[in-house]
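**Q**
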Amino acid sequence: MNLTLFVWRQKGATGEARFEKHEVHGVSSDSSFLEMLDVLNMHLVERGDSPVAFAHDCREGICGSCSMTINGRPHGPKSLTTACQLHMRTFKDGDTIYIEPFRAAAFPVVRDLVTDRSAFDRIQQAGGYVSVQTGAAAEANSIPIEKDLADEAFDAAACIGCGACVAACPNGSAMLFTAAKVTHLALLPQGAPERSRRVLSMVAKMDAELFGGCTNHGECQEACPKGISIKYIAQMNRDYMSATLKKARTIRGKVRAQ
Amino acid sequence: MQLELNAQIPSGPIEQKWQSHKDHIKLVSPSNKRKHTVIVVGTGLAGGAAAASLGELGYNVKAFCFQDSPRRAHSIAAQGGINAAKNYQNDGDSVFRLFYDTIKGGDFRSREANVYRLAELSVNIIDQCVAQGVPFAREYGGLLSNRSFGGAQVSRTFYAKGQTGQQLLLGAYAALNHQIHLGTVEMHPSTEMQDLIIVDGRCRGIVTRNLRTGLIESHVADAVVFATGGYSNVFYLSTSAMGSNATAIWRAYKHGAGMANPCFTQIHPTSIPVSGEHQSKLTLMSESLRNDGRIWVPNKQGDKRLPSDIPESERDYYLERRYPSFGNLSPRDIASRAAKERCDAGYGVGPMGLGVYLDLTDSIKRLGQDVIQARYGNLLDMYANISGDDPYKTPMRIYPAPHYTMGGLWVDYNLMTTIPGLFAAGEANFSDHGANRLGASALMQGLADGYFILPYTIGDYVAQQSLSAVGPQHAEVRAAEERANARVEKFLSMKGSKTVDHYHRVLGRIMWDKCGMLRTEQGLKEALSKIAALKEEFWQNSVIGGEAQELNQELEKAGRVADFFELGELMCLDALNRNESCGAHFREEYQTEDGEAKRDDNAYCYSAVWSQKQDGVGHDLTKEPLAFDNVHLATRNYK
Chain A
216 MNLTLFVWRQ KGATGEARFE KHEVHGVSSD SSFLEMLDVL NMHLVERGDS PVAFAHDCRE
276 GICGSCSMTI NGRPHGPKSL TTACQLHMRT FKDGDTIYIE PFRAAAFPVV RDLVTDRSAF
336 DRIQQAGGYV SVQTGAAAEA NSIPIEKDLA DEAFDAAACI GCGACVAACP NGSAMLFTAA
396 KVTHLALLPQ GAPERSRRVL SMVAKMDAEL FGGCTNHGEC QEACPKGISI KYIAQMNRDY
456 MSATLKKART IRGKVRAQ
Chain B
21 MQLELNAQIP SGPIEQKWQS HKDHIKLVSP SNKRKHTVIV VGTGLAGGAA AASLGELGYN
81 VKAFCFQDSP RRAHSIAAQG GINAAKNYQN DGDSVFRLFY DTIKGGDFRS REANVYRLAE
141 LSVNIIDQCV AQGVPFAREY GGLLSNRSFG GAQVSRTFYA KGQTGQQLLL GAYAALNHQI
201 HLGTVEMHPS TEMQDLIIVD GRCRGIVTRN LRTGLIESHV ADAVVFATGG YSNVFYLSTS
261 AMGSNATAIW RAYKHGAGMA NPCFTQIHPT SIPVSGEHQS KLTLMSESLR NDGRIWVPNK
321 QGDKRLPSDI PESERDYYLE RRYPSFGNLS PRDIASRAAK ERCDAGYGVG PMGLGVYLDL
381 TDSIKRLGQD VIQARYGNLL DMYANISGDD PYKTPMRIYP APHYTMGGLW VDYNLMTTIP
441 GLFAAGEANF SDHGANRLGA SALMQGLADG YFILPYTIGD YVAQQSLSAV GPQHAEVRAA
501 EERANARVEK FLSMKGSKTV DHYHRVLGRI MWDKCGMLRT EQGLKEALSK IAALKEEFWQ
561 NSVIGGEAQE LNQELEKAGR VADFFELGEL MCLDALNRNE SCGAHFREEY QTEDGEAKRD
621 DNAYCYSAVW SQKQDGVGHD LTKEPLAFDN VHLATRNYK
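Protein sequence lines, in the order shown, are assigned to chains A and B. Counting with this note's numbering, you get residues 216 to 473 for the letters of the first sequence. Counting with this note's numbering, you get residues 21 to 659 for the letters of the second sequence.
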């Protein structure tokens, strides 16, 4: 198939940016979207032009590297699909395709389609873990966990951290991402002791990293290649509320004790 | 240069070796740990776990990965599961049996002491991961669930749907994040190792390139860990992530480190077949599918009918036929070769004839689609996406693909390479899998190395050294930086006409054809001469473009492919030396009458450890003899 591409080109975070037009010919409908870009890049390099930079690694839809907006949708037109798993059979011969980086204040462009998503790491570092030391864990079956709960925790934990939720959100909010992690750990007994601290510090970090607030558009869920549900946002909001109240009570308690 | 190999295996009975070793190693006092810097390159299961654990202990850790976040290491793509000898099923499992299965599965080419320790630690790994909140599959009673896997007759595999690697990696990543937050680990993502700093014969640091800015920097430490994964991308098409590379281990080799059994490459039996020339990568379907899938081809050569039109009586369930007791769960090397044998004989299915059916129909009938969906849903969705077929309705097509490399840097019992102070963990080392890796054992090894072995053995090494301070102006540091800069400049000065990918693809084809699932003396010799010519052309006629001081993905690829050329040659040399068939290494000249691998224990019961000759061109072979005191050498039989 033959396609017309408009690809976002940007040299650095502050560099001049524009759409660049390219015609690609003879694309196999069995190839993936990234393999189509590989072909484009091969021609660009052979001509001495600079190839389009894009992030990718596993090409199996699990590492979360491949972040790009295709025809206005993060990861492209197919639901529950990462860009690397989007196959060209989704498009028609003669189509025009617009390819842009994920857009969000918290995700500065590094080059072309590559964005800096390290803010996600910093949200996790603010508390997205169980504080456990290596080497002395108790026997794994000593704490049974209800199957439904474990399955639900798994569903929340299946987030790949690609950032599509942020790119799709009109507010550039990271609520779906943060809620997925918060819920994963909140549902399990192992995560319970730090539950309140975790949600408070992760939400605070999320705000500090320039992500917007959630106003219930639901676009994040639509864009999520792993089908992470917005019910986790509601769950996180409840957790946040109760953690805030608990913290207030604790502070009052301490004052009284003095 | 011939190497002096001392595997440092502790004395005593095998079940007491690790405990007695731990009881006698030197310790670093808590207040001194922070004065010691440890570098960890690669932050997948092995590296992430090591960096987090060393940070917890109080060392000053610097961790590096080429991905933009440690959460994206390729461990995340592992699907099926992780073994542990918990015997929760009460089906006869034990540490000894896991040890036995692994030794036998590896076709008696791994080191007993290491494998026993791995089996012993497997139990702690599950405890550790559960404590971190890894959401493993559970039974209705709330206890952990298990499934079976290739090469074993017990159910000892713990799993989280088909995303076990992801969940284990997120556990290690969480532990790492905790330490980053506490300031014990300094994380450097989007950074690639370029060279080693060797001072007075010991590894004292690394030189890195920041992949976004191109900045070349040096980092000094008391010990360095490489947990940089495998090198299957030498085949171009493989199940490894696109960025997986051999640069770190190959730079170590150039500095004198021994490289063991490089030709032992696992070819995974259940990958989605190649669909055309455009293809950049192969996608694995977890072999856990073999629990519920029956593998077959038509009885008639070139049968182009739809699978649903082929009656039961005209199907050949060749694994069940040839290996009645293990059947569809026969080990990976055996299942892979059997698939290739059927396709080569003209029974393959699919447009290119390079495929066999993995059929879930019987299991769907027996268990219902819901159960199959719960077990493998994400895998089946992935298959549907890539192939355009619905695996619930029609059998999946699968074919073997390069997957995991059992070879790697030689390490002793402490996971230290032949360069003092340089350690290697996970897939980057050679230690535990022998000539073939059984399913669900890579995750186990990565985590055992990272969480439970290195934190002890690095302390032992550090405690015994009195290392002089090495500043940024040290001659060896400057020399390493200059080498890294010169390499970048050399790549950028190439103004040919072909892309790096082009050469990688051609190299991969040679490796797959001649040093893949089947090898012959003649084929390997041909490969060696073809690779030499192609390498020459690569250095003459590649084009890179762009600048050094920017994000330059072509430059990154060039460095990796240049290393794959040299490593590919060594793999062929190693395969040529081993005049026997064992595990993943199948030399056509050495097979039994019914086509099974024919090992030669008299001549080849050793790990082949290669090192660079003084002239920097040739390679020397040093042999580490393997002794089997606890499992007797026997012919593998899965029939």
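Where is the CB? At the ideal position from N, CA and C, for every residue including glycine. What you are looking at is a predicted structure, and each value in this text was computed from that prediction instead of being measured.
I'd like the list of long-range same chain contacts for B/Met514, defined as Cβ closer than 6 Å, with 5 residues on each side in sequence excluded.
**A** Excluding positions up to five away in sequence, the list reads Ser562, Ile564.
**Q** By DSSP, does B/Gln542 sit in helix, in strand, or in coil?
**A** helix
**Q** Going by beta carbon distance, what residues of the same chain come within less than 6 Å of B/Ser54, once the five residues before and after it are set aside?
**A** Note on identity: in this sequence residue 54 of chain B is Arg, with Ser being the wrong assignment. Only Gly78, Asn80 meet the Cβ criterion.
**Q** Quick one: which chain B residues come within Cβ less than 9 Å of A/Lys362?
**A** Ala157, Arg158, Glu159, Tyr160, Gly161, Gly162, Ser165
**Q** With 7 Å as the C-beta to C-beta threshold (strictly closer), list the residues of the region 242–275 of chain B near chain E in chain order.
**A** The chain labelled as chain E is not found among the protein chains of the depicted structure, namely A and B.
**Q** Contact between the region 390–398 of chain A and the region 419–435 of chain A is defined here as three or more beta-carbon pairs at a separation below 8 Å; is this criterion met?
**A** yes
**Q** Roughly how many angstroms separate the alpha carbons of A/Cys439 and A/Ile375, rounded to a whole number?
**A** 9 Å
**Q** Using a C-beta cutoff of 9 Å, does A/Thr229 count as contacting chain B?
**A** no
**Q** Is the CB-CB distance between B/Ile269 and B/Thr248 below 9 Å?
**A** yes
**Q** Reducing DSSP to helix, strand and coil, say where B/Val154 ends up.
**A** coil
**Q** Residues of the region 389–412 of chain A with a CB closer than 8 Å to any CB of chain B: list them in chain order, please.
**A** His399, Leu400, Leu403, Gln405, Gly406
**Q** Only counting the same chain, and skipping five residues up and downstream in sequence, which positions put a Cβ closer than 6 Å to that of A/His399?
**A** Ala368, Ala371, Ala372
**Q** How would you list, in chain order, the residues of chain A whose beta-carbon sits under 8 Å from the beta-carbon of B/Phe511?
**A** Those do not exist, as B/Phe511 stays about 13 Å from chain A at its closest Cβ, beyond 8 Å.
**Q** Could you tell me the boundaries of the beta strand (DSSP E) in which B/Arg54 lies?
**A** No beta strand (DSSP E) holds B/Arg54; DSSP gives it neither H nor E.
**Q** Within 10 Å of its beta-carbon, does B/Gln199 have 16 or more other beta-carbons around it, so buried, or fewer, so exposed?
**A** Flag for B/Gln199 reads buried.
**Q** List the endpoints of the continuous beta strand (DSSP E) containing B/Lys82.
**A** 80–84
**Q** To the nearest whole angstrom, what separates the beta carbons of B/Arg174 and B/Gln109, a pair I think is in contact under 8 Å?
**A** Reading the sequence as shown, one finds Val at residue 174 of chain B and not Arg. Rounded, the Cβ-Cβ distance is 7 Å, consistent with contact.
**Q** Any C-beta of chain B sitting closer than 9 Å to the C-beta of A/Leu255?
**A** no
**Q** Given that B/Thr303 touches chain A, what residues does it touch there, using C-beta distances under 8 Å?
**A** Within 8 Å Cβ-Cβ: Arg274, Glu275.
**Q** Using a Cβ-Cβ distance cut-off of 9 Å, determine whether A/Lys307 contacts chain B.
**A** Taking Cβ atoms only, chain B never reaches closer than 9 Å to A/Lys307, which makes this a no.
**Q** Along the region 462–473 of chain B, what residues have a CB closer than 8 Å to any CB found in chain A?
**A** Tyr471, Phe472
**Q** DSSP puts A/Pro289 in a beta bridge; with which residues?
**A** A/Thr284
**Q** So the candidates are A/Asn286, A/Ser280, A/Leu415; which of them puts its Cα closest to the Cα of B/Pro209?
**A** Residue A/Ser280 is the option with its Cα nearest to B/Pro209.
**Q** Does B/Ile218 have its Cβ less than 9 Å from a Cβ in chain A?
**A** no
**Q** Which chain B residues sit within Cβ distance under 7 Å of A/Val347?
**A** Ala151, Gln152
**Q** Quick check: is the beta carbon of B/Tyr193 nearer than 9 Å to any beta carbon in chain A?
**A** yes
**Q** How close, in whole Å, do the beta carbons of B/Val61 and B/Ile226 come, if the pair is a contact with beta carbons under 8 Å?
**A** 7 Å
**Q** Could you name the residues of chain B that A/Pro359 contacts, counting a contact when the two beta carbons are closer than 7 Å?
**A** Gly161, Gly162, Leu163
**Q** What is the C-beta distance between B/Ala444 and B/Thr437, in whole angstroms, given that I count them as a contact (C-beta under 8 Å)?
**A** 5 Å
**Q** Tell me, please, whether the region 391–406 of chain B touches the region 358–366 of chain B by the rule of three or more beta-carbon pairs shorter than 8 Å.
**A** Contact fails: fewer than three Cβ-Cβ distances are below 8 Å.
**Q** For a quick check, are the C-beta atoms of A/Leu313 and A/Leu249 less than 9 Å apart?
**A** A small fix is needed here, since residue 313 of chain A is Tyr in this sequence, not Leu. Contact flag unset, no.
**Q** Counting along the chain, where does the alpha helix (DSSP H) carrying B/Thr248 start and finish?
**A** First-last for B/Thr248: undefined, no H or E at that position.
**Q** How long is the line joining the alpha carbons of B/Thr381 and A/Gln436, rounded to whole angstroms?
**A** 33 Å
**Q** Going by CA-CA distance only, name the one from B/Gly170, B/Arg158, B/Ser168, B/Ala172 that's closest to A/Ala169.
**A** Because chain A here runs from 216 to 473, residue 169 of chain A falls outside it and cannot be looked at.
**Q** Within 9 Å of any Cβ in chain B, is that where the Cβ of A/Gln340 sits?
**A** It does: the Cβ of A/Gln340 has a partner Cβ on chain B nearer than 9 Å.
**Q** Given this structure, state the Cα-to-Cα distance separating A/Asn356 from B/Gly615, to the nearest angstrom.
**A** 44 Å
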